[in-house]
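Taking it in order: structure first as structure tokens, then the write-up.
In our numbering, the protein residues as written are 160 to 764.
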């Protein structure tokens with residue numbers, strides 16, 4: 160946007176983050192701080208457009224950042240869908256989720272919250288989905304678990320997994336309508352008054368902790384390979400992340416020169432997988448790994464699914480109803496709704512974090528409402544296209560904004576197109592399905608552990624010296640581990656005489672995050688406690704800090720293509736919760752002036 164921006168080289172932000180920002184970048188619209196040495200100062204803000212080559216590089220980087228989380232979801236769901244031995248269909252699910260994630264990212268950036276926030280699959284829906292697929296009515300037939308008995312082209316096998324997928328699709332689509340309603344009606348603000356850290360912490364933590372079995376099964380297929388993968392990811396992401404790699408670079412000021420590229424910081428998961436994958440390949444071609452499918456370590460071979468790449472088409476195009484007409488399960492809908500509520504609460508926090516890191520003002524109500532509404536539309540599309548999942552904001556990519564100091568939404572918009580391209584290239588999805596099982600297990604060990612810790616980190620704004628808070632969190636977590644475990648071991652206990660009610664209770668009480676989140680929500684809102692003690696005061700004051708280092712106006716949240724200008728001339732626009740109108744700017748400015756650190760004005764809604 161600003162003149163002269165094209166002359167900034169890669170090395171002053173994506174490569175060498177310690178170099179000083181070039182003089183020609185000073186005085187840009189991104190007025191984030193008065194201090195030149197502020198390391199948190201974004202080099203490019205929301206409305207800025209970096210040079211084209213930098214846009215491409217950073218777009219690919221965001222794709223790689225989301226890579227591990229996105230491909231994990233279809234790989235987990237494949238077990239519940241009876242697709243353990245159908246790698247070709249797994250590859251199509253991977254293509255589907257990349258395509259829909261890219262499409263939803265574009266919608267979010269253009270019409271949603273309008274922040275540089277990437278959309279992808281959500282683990283909040285994985286737990287209720289697996290709970291639905293593990294019910295007696297949907298449990299996979301024994302023969303689908305035996306590779307020698309599975310004929311992937313058989314109509315019987317196809318009907319087995321597509322029936323489950325269609326039920327999952329319909330449940331996600333119906334449940335997503337709630338998110339659309341909550342977002343576009345403005346109800347998200349009302350809900351956030353009652354959802355605090357003591358609700359979010361157990362809910363998010365249990366998403367990761369409840370997947371321990373899936374991680375253990377895959378890692379246990381060869382503990383040596385999975386341990387190597389885990390160690391490599393830890394090495395790259397924690398120990399080597401600040402060690403640069405010298406690479407040749409060019410810009411108009413320094414010409415051809417050597418710069419520093421923080422390779423390990425940008426793609427630690429991909430590097431860890433790639434190195435472990437290569438080791439598995441070498442062990443395979445030299446027959447170090449057993450060739451007998453019944454022997455321990457066989458799944459570490461790279462030729463177990465070798466034919467899937469040659470069988471996959473170069474280009475694949477997904478479309479709504481690809482797996483047939485979606486069906487609806489009441490129990491599935493209720494379970495998915497529990498996951499969507501958790502996802503919405505997380506997304507509101509992501510919006511505020513993203514605004515802070517990208518130099519934007521705190522998101523106004525209409526932008527948050529649109530963001531949640533568009534995420535609901537995204538989940539609706541994800542269900543229709545048959546990903547078996549929904550969409551949500553990716554916290555990992557929000558964190559990447561702080562690393563690169565590039566908050567341009569143009570970069571995220573381009574990332575959306577990159578993901579759509581990856582979703583169309585059929586061979587790409589096929590390649591990902593050939594990753595050896597223990598390598599995936601090693602990746603899961605890292606990812607699910609981080610998800611669990613991310614949930615617990617929400618407690619930092621609460622007073623954990625309070626016996627009230629310790630009780631609420633401890634009881635919620637432990638009950639969420641005990642109750643689902645007991646119900647799964649005694650599935651016949653729930654017998655109300657009404658099959659539909661039994662199914663709903665079965666899914667809710669075997670979904671760890673629902674049990675923990677519900678108990679945390681109920682206890683936190685009924686046991687007396689101050690706002691400071693509950694962590695609500697810290698959440699309310701977040702925007703006071705954000706607004707001191709952001710753009711001067713919130714025009715960045717206006718709708719594109721002249722839509723906002725048109726709406727501002729309409730008196731009825733002020734009554735539409737997701738429409739910006741003339742009064743919202745002046746009201747926002749007055750709020751920023753009138754708020755004080757002791758104010759109880761809720762900025763999260």
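Every residue, glycine too, gets a C-beta built ideally from N, C-alpha and C.
Leaving aside the five residues before and after residue i along the sequence, list all residues of the same chain whose C-beta is less than 6 Å from its C-beta, in chain order.
i, result
"residue 315", "none"
"residue 354", "504"
"residue 625", "692"
"residue 430", "395"
"residue 554", "509"
"residue 481", "545"
"residue 502", "281, 283 and 551"
"residue 381", "456, 459 and 597"
"residue 329", "485, 486 and 487"
"residue 258", "477, 579 and 582"
"residue 498", "283, 284 and 287"
"residue 442", "448"
Using 10 angstroms around the beta-carbon of residue i, count the other beta-carbons present and answer buried if the total reaches 16, otherwise exposed.
i, result
"residue 706", "Low confidence applies to residue 706: its pLDDT is 47, below 50, so where it sits in the model is not reliable enough to give any reading."
"residue 377", "buried"
"residue 662", "buried"
"residue 721", "exposed"
"residue 651", "exposed"
"residue 464", "buried"
"residue 685", "exposed"
"residue 398", "exposed"
"residue 222", "buried"
"residue 577", "buried"
"residue 408", "buried"
"residue 364", "buried"
"residue 461", "buried"
"residue 307", "exposed"
"residue 476", "exposed"
"residue 617", "buried"
"residue 612", "exposed"
"residue 715", "buried"
"residue 534", "buried"
"residue 297", "buried"
"residue 630", "exposed"
"residue 206", "buried"
"residue 405", "exposed"
"residue 187", "With a pLDDT of 44 at residue 187, under the threshold of 50, the modelled position of this residue cannot be trusted, and the question is left open."
So residue i and residue j are supposed to be a Cβ contact under 8 Å. How far apart are they, rounded?
i, j, result
"residue 494", "residue 370", "Incorrect: roughly 16 Å between the Cβ atoms, too far for contact."
"residue 360", "residue 632", "6 Å"
"residue 279", "residue 225", "5 Å"
"residue 601", "residue 389", "4 Å"
"residue 598", "residue 432", "6 Å"
"residue 620", "residue 694", "4 Å"
"residue 338", "residue 538", "6 Å"
"residue 333", "residue 492", "5 Å"
"residue 331", "residue 542", "4 Å"
Between residue i and the rest of its own chain, which residues show a CB-CB distance below 7 Å, the 5 nearest in sequence each way excluded?
i, result
"residue 766", "Given that the chain is displayed from residue 160 to residue 764, the structure contains no residue 766 and the question cannot be resolved."
"residue 557", "276, 509, 512, 513 and 516"
"residue 256", "229, 232, 233, 280, 546 and 548"
"residue 219", "577"
"residue 244", "306 and 309"
Could you pull out every residue in the same chain whose Cβ sits closer than 8 Å to the Cβ of residue i, ignoring the five residues on either side in sequence?
i, result
"residue 655", "661 and 664"
"residue 648", "none"
"residue 675", "361, 362, 364, 365, 635, 636, 638 and 639"
"residue 201", "189, 191, 516, 517, 518, 560, 564, 565 and 566"
"residue 506", "530, 531, 534, 551 and 552"
### Query
Okay, do the stretch 276–296 and the stretch 582–600 touch, 3+ Cβ pairs below 8 Å being the bar?
no
### Task
Tell me the start and end of each unbroken alpha helix (DSSP H) in the stretch 328–413 that is at least 4 residues and wholly inside, in chain order.
346–350, 356–368, 371–378 and 382–393
### Task
State whether the stretch 533–550 contacts the stretch 247–257, with contact taken as three or more CB pairs (one from each stretch) at a distance under 8 Å.
yes
### Task
Decide if the stretch 464–479 is in contact with the stretch 518–532; the criterion is three or more beta carbon pairs, one per stretch, under 8 Å apart.
no
### Stretch pair the stretch 335–346 + the stretch 562–574: three plus CB contacts closer than 8 Å
no
### Message
Restricting to runs no shorter than 4 residues, where is the alpha helix (DSSP H) found entirely within the stretch 573–642?
### Response
585–592 and 596–615
### Query
Are the stretch 277–288 and the stretch 670–677 touching, with three or more C-beta to C-beta distances below 8 Å?
yes
#### Entry: Length-filtered (4 minimum) alpha helix (DSSP H) runs lying within the stretch 255–325
285–292
### Task
Give, in chain order, every unbroken run of the beta strand (DSSP E) that is at least 3 residues long and sits entirely within the stretch 411–460.
414–420
### Query
What alpha helix (DSSP H) runs, 4 residues minimum, are completely inside the stretch 193–251?
211–239
### Message
Please give me, in chain order, every unbroken run of the beta strand (DSSP E) with length at least 3 that falls completely inside the stretch 493–570.
### Response
none
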